[in-house]
Structures are given as structure tokens and as C-alpha cells.
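Engineer: Everything in the sequence shown is counted per the working numbering, starting at 1081 for the first residue and increasing by one.
Glycine included, each C-beta is placed from N, C-alpha and C at the ideal position.
These figures come from a predicted structure and were not determined experimentally.
Structure below; questions to follow.
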Amino acid sequence: MSSYTLNEIKAYATQAIDEILPLDEQTISQMVNYAITELRTREAVRQHFTNLLGESPKALDFITKLSNILFGDPNKLKIEKKLSQPSKNNTGWVNSATGSTLSKGQHDQRLRNASVQGTSTSELIDQTPKAAKEVSMKKKDAQKTLDSLKDLDAALNELEVSDETNRGESDRVVRVCNCNATRHPLFEMFPNCLNCGKIICAKEGFQPCSFCGKKLLNNEERLQIVEVLNREKEEIEGKSNKNERSNNQDDNMRRRKNVIKISINSTGQNNYKVQEMAFKRVERKRELERKKEELKQQKQEEVEEVQRELDYYSSLKDKDEELVRAQQQLDTLMDFQLHGAERTKIIDQASDFDAPTSSNNLWATPLERALQLKRQQKQLRKQQEADDRRSGRGKRVMDMSIRNGKVIIREVDAPTEIAEDLSDDEEIKGLQARVSDEKTKTLEENSHNVWDYQSDASKWTKPVYMGEKGTKENKELKQSDTVTAKSKVVQLGDEEEQENTIFSMVGV
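Laid out in C-alpha cells, this is it:
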């Protein structure tokens, strides 16, 4: 065990965890107390803090130091082991309590009956000073890389915030400081404003000049700086990835030399627990790989977006503002013309919710009314099924899946009956085809109908124009009316006389 007191161990662990995770003191105290009082092995402590703190360099360094404080340094265990080893000629094992020698069979039996919760074999693997030095150097390099990446991210964030401040989109208040670099460090990138000459300190930074409001960076310079920072960030990440690959290869070589086999059917072990731990380890590795792929894809998208912005701003260089606005308006209209073709279609959603008894079109044919009723029935059925699913009265089925050697049974909503929907769609399509055929047939019949003057003239009688009162013709008409029982309309003269009369009326 260690020479530290319990209070000293708790104080060290609390301070180290506070630097890694921003947690309150009570939560950190509970984590440390549980690890010290409940966990009895180095592996359990490592697993506990790895799940809580992650696998960052600081977290791994803290876990290693705390394990050495609680369970001792493996290098010291190596020296003690060498000192306590018997001579090569002695084929037995000496019992330290009684001083008696155990035979090989008794020693094997004692190892088989030992508790599994002791220190694992992987933790007692000896580590040479050279390997320890290499590990420490790798940790320092990883820490330097992490610090460099943090600095680059901070610089990129500062540039982005300054750009938003210049455009007036940021909610941050403009920082004003008149210390002239006496209280704060001088902002080395822009020591003073080129417009008014005001000395700029590190507090004001990239924002516009607080005295005259002049921008320190234009868009082109800002994009060039962002491109340089992103290129440097990619180089650092590429180096760190190469180092990680080399480290993984070295670890694989060490693991090949020091192979640890786990017997699933050995007595005295909880086989299900070992199997579950193995499954969790595999799932954790897959999750890490998935996160790495997502980060890689996100970074690639950011690089492509920055490149598109650079191309766009370079194309706008030395162009008239009115011409740029006209080009943007033209691009908007062309995009609408390209993707807005379907907007000419009228979508009458109100007709989908009409009752079946209503009739919107008074002149609809029976086929059109049947088609409308079919659509309404389908819509009402879907709405009823959705209401049943929301209220918990819908169809439910049992879903059984096998994952990681376990059978998982769940009660889920029944899938939609695709066959029934397809049959309804086929009926609706059939009715639509019949309606269209009927309309086409009617149009063809109407297109063959030509107005015939002779047949149309036979349906009507010719008009008769009455003369003035007291004339001879009028008297003759009255006499003819008394003689004949026909209509009061009497024809006067032949067609030529009628045409002449009509022309004289209209002034031709």
C-alpha cells in the first residue's frame, strides 16, 4: 500500500478531477469516496474513472497516478518480486507464513482456488525504464498537440466572432479599452489602427477600432488567415494521427508478446460477467470508431465550406455592388425556375376532408363521384388509424430480436398494411382511368359535331315584319288572321324582299 494518508489521497484526487471536469465539489467527493472505499483492484479503479472522465491524456495520467498511490508502483513490485524469488535449483515454493516448502501440485491447486478479484496479469507485466520513458515522451507530445489544436481553435473562433461583429450579427458588446497597452499586452497582429492611429491592446483584439470604428481586417485577409490556420490544423492532426497509428502498432506488438487468455469454462469465475465485459469492450471500440468517422466527415465538410466561401469572395472581387445584387437576383430566379416547376399544380387539401355526402361539383359524372367517395374513404380510414395509434388502441405486435447473445422482446406498433393500400390505390387509379377515358370520348364526339344550316333552319319558322297601322298590307294580315287559325306570324314576300327590308332597317 501507499504511504499517503486518506485525506491526502482525497485532496489530490479532488483537485485533479476538478481540472479535468467542471463538476461541483460534492459530486467529485462522492466519486473519490466510492473508488477508495468500494473498489479493491487496480482494474476496477481504472474502469471506474475511465467511464467517468474519458480517455484524454490528463485523465489517463491521473488514473495511473491514483492507481500507483492506492496499489503501489509496478516498478517497485518488480524489484520486490526479484528479491523474493527463490533460487533456481529449488523446485518448490516456500510459504512465507510457515516457512514450509510446497510441491508443484500443491502450488497449482492453491492458484486455482485463489480469488479471481486479485490483481490481474496484465497489470503485473513488467515495464522497462526505456518503455516508461517512451510512454512519458508520447504523453508530452500528445499534450503539446492538444494545446496547439486548442490555440488554433481559439484563433479561428476569435476570427469568426470578429467577422460577426463587423457585420452586426453578433450580440457581443464592443470592448473598449484606453490603456494603450499599459495594462494589457499589445495586440501584436495589429498594434494600432491604420486609420486613426489608436494603440490596440489584446483585450480589444480583432474587433473594429473602438475610436473610429474602422475594420482592422477586410474579408479577403480574414479568409486568407482562416485558410492558413485550417491548413496548420490539418497538418497537426495528420501528425497526431500518424503518431497514434505508430503507437497502436507498438501496442499491438507488445500485446502479441504478452498474450492474456481468458478461459470461459474455468471454475470459480462468473462466465456471464466475463462475456458481458468482452461485449462492452467491443461496443466501446465501435463507438469510438464511429465518433472518429463523424469528426472526420465534419471537418471535411467545414474545409469544403471554407473553400466555397473563398471561391465566392474571390469571384466578387473588383465587381460593382449593383451588378453583384443583380446576379444574385438572377440566380434566385433561375433556381426557382429550375426547382419550382411543381408549384404550378393546385393542391386542394380541403377536398380530402369533406364528408362523403357532400358534393362539390354539381355536374360531376357518376364515375367522378365514385372516385371522390373512394378518396374520402381512404383518407378517413388513415385518419382513424392515426388516432387509434396515438390513443394506444391501434394494432400492436410482438417484436423479438437477438443481440449480443440475448433475446429482447418488445411490443411495438403494427406496420401499415401495404397490400391493402396498394389495392386501394389500384382501384382509385382504375376509376381515374375510366373517368379520363369517358371525358376523352365525350370530347371526340363533340369535336365531330358541325353546325348544319339546313337542319338548323328546319327547326324554326321565318320571322315576319309587321307594317305600319292603317296600311293595306296590315289590313290584309288582319283578314288572313281571321280566316286562318294558324299563328299570328305571317310571311310577307319572298326571301329577296325580306333581305331588302332588313338592309333598309340597319341603314345599309
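Would you kindly work out how many angstroms separate the C-alpha atoms of D1098 and E1374, rounded to a whole number?
Structural biologist: One C-alpha to the other measures close to 29 angstroms.
Engineer: Where does I1489 fall in DSSP's three states?
Structural biologist: I1489 falls in the strand class under three-state DSSP.
Engineer: Less than 8 angstroms between the CB atoms is what I'm expecting for L1390 and E1307, so what's the real figure, rounded?
Structural biologist: About 7 angstroms; that satisfies the 8 angstroms criterion.
Engineer: Using the three-state DSSP reduction, which class does D1479 fall into: helix, strand or coil?
Structural biologist: If DSSP states are grouped into helix, strand and coil, D1479 belongs with the strands.
Engineer: Could you spell out where the alpha helix (DSSP H) holding S1290 opens and where it closes?
Structural biologist: First-last for S1290: undefined, no H or E at that position.
Engineer: Around the C-beta of V1492, are 16 or more other C-beta atoms found within 10 angstroms, so that it is buried, or is it exposed?
Structural biologist: Per the 10 Å Cβ criterion, exposed.
Engineer: For N1605, which three-state DSSP category applies?
Structural biologist: Missing from the structure shown is residue 1605; the chain here goes from 1081 to 1588 and no further.
Engineer: How about F1267 and C1289: do their beta carbons lie closer than 7 angstroms?
Structural biologist: Going by C-beta atoms, F1267 is not nearer than 7 angstroms to C1289.
Engineer: Given this structure, state the Cα-to-Cα distance separating K1184 from K1371, to the nearest angstrom.
Structural biologist: The pLDDT assigned to K1184 is 49, lower than 50, so where the model puts this residue is not dependable; a value taken from the coordinates is nonetheless given after this. Cα to Cα, K1184 sits roughly 50 angstroms from K1371.
Engineer: Do the segment 1448-1457 and the segment 1501-1521 meet, that is, are 3 or more Cβ pairs less than 8 angstroms apart?
Structural biologist: Taking 8 angstroms as the limit for Cβ pairs, the verdict is that the segment 1501-1521 does touch the segment 1448-1457.
Engineer: Tell me whether the beta-carbon of R1255 lies closer than 7 angstroms to the beta-carbon of K1283.
Structural biologist: Yes, the Cβ-Cβ distance between R1255 and K1283 is below 7 angstroms.
Engineer: Does the segment 1125-1143 come into contact with the segment 1097-1112, if we say contact requires no fewer than three beta-carbon pairs (one atom in each stretch) closer than 8 angstroms?
Structural biologist: With a cut-off of 8 angstroms, the segment 1097-1112 and the segment 1125-1143 count as touching, because enough Cβ pairs lie within range.
Engineer: What is the rounded straight-line gap between the Cα of E1385 and the Cα of D1517?
Structural biologist: So the alpha carbons of these two residues sit roughly 53 angstroms apart.
Engineer: Going by CA-CA distance only, name the one from L1274, N1526, G1485, T1522 that's closest to T1445.
Structural biologist: Residue T1522 is the option with its Cα nearest to T1445.
Engineer: Classify I1279 as helix, strand or coil using the three-state DSSP reduction.
Structural biologist: I1279: strand per DSSP, three-state reduction.
Engineer: Skipping 5 residues on each side, what residues in its chain have a beta carbon closer than 6 angstroms to that of A1261?
Structural biologist: Excluding sequence neighbours, A1261 sits near I1279, C1281.
Engineer: Can you tell me whether L1368 is buried or exposed, with buried defined as 16 or more other CB within 10 angstroms of its CB?
Structural biologist: Per the 10 Å Cβ criterion, exposed.
Engineer: Please tell me whether F1142 and R1122 are closer than 7 angstroms, where the distance is taken between their beta carbons.
Structural biologist: Cβ distance not < 7 angstroms, so F1142 and R1122 don't count as in contact.
Engineer: Distance check for Y1533 and K1539, CA to CA, integer angstroms please.
Structural biologist: Computed Cα separation, rounded: 10 angstroms.
Engineer: Return helix, strand or coil for L1410, following the three-state DSSP convention.
Structural biologist: In the structure shown, L1410 sits in a helix (DSSP, three-state: H, G or I).
Engineer: Considering only the beta carbon of each residue, do K1294 and C1273 sit closer than 7 angstroms?
Structural biologist: Taking 7 angstroms as the Cβ cut-off, K1294 and C1273 qualify as a contacting pair.
Engineer: Spatial neighbours of R1041 within its chain, please: CB distance less than 8 angstroms, with the 5 preceding and 5 following residues excluded, ordered by chain position.
Structural biologist: Here the chain covers residues 1081 to 1588 and nothing more, so residue 1041 does not appear.
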